[in-house]
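Have a look at the structure below before the remarks.
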Amino acid sequence: VTLYKNPQCGCCEGYAEYLRENGFTVTSKATHDLAEMSREAGIADEFQGCHLSFVDGYVVSGHVPVGTVKKLLTERPDIKGVTLPGMPMGSPGMSGTKEAPFEMLEITKS
């Protein structure tokens, strides 16, 4: 996993550690161009997460649970990836208690 994040983001490192704890090798890279990178990956501004990962040919944006990432890699659907917009409370790497189901979206190929 290559994870791009804003240099000052602490929750992004929490998410990287969560992935490591679940068997992934993660390289974190700080960038000031995260929004542009996300747009180039096919994610509209309103659907972007606070970090952007590339995992075995897929885009994973935001605090996506590892079960979803593993399902993506196992099933290999014909999509670009998935996004969990924003920074939902209680999501992997975020503090707080989960207050509602996570609303993840597919990133379709254009």
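One rule links them: number in my numbering = place in the sequence shown (from 1) + 107.
All C-beta atoms, glycine included, are put in the ideal place defined by N, C-alpha and C.
- Counting every other CB atom within 10 Å of its CB across the protein chains shown gives P114 a total below 16, marking it as exposed.
- The residue among A151, H158 and L179 with its C-alpha nearest the C-alpha of H139 is H158.
- Pairing D185 with K216 gives a Cβ-Cβ distance under 8 Å.
- In the three-state reduction of the DSSP assignment, S198 falls in the coil class, being assigned neither a helical nor a strand state.
- The region 198–206 makes no contact with the region 143–154, as fewer than three CB pairs between them are under 8 Å.
- Per DSSP, reduced to three states, the secondary structure at K178 is helical.
- Judged by DSSP secondary structure, S135 falls within the beta strand (DSSP E) whose first and last residues are T134 to A137.
- The beta carbon of G121 sits closer than 6 Å to the beta carbons of G200 from its chain, once the five residues preceding and following it are set aside; these are given in chain order.
- For S217, there is no enclosing beta strand (DSSP E), as DSSP marks it with neither H nor E.
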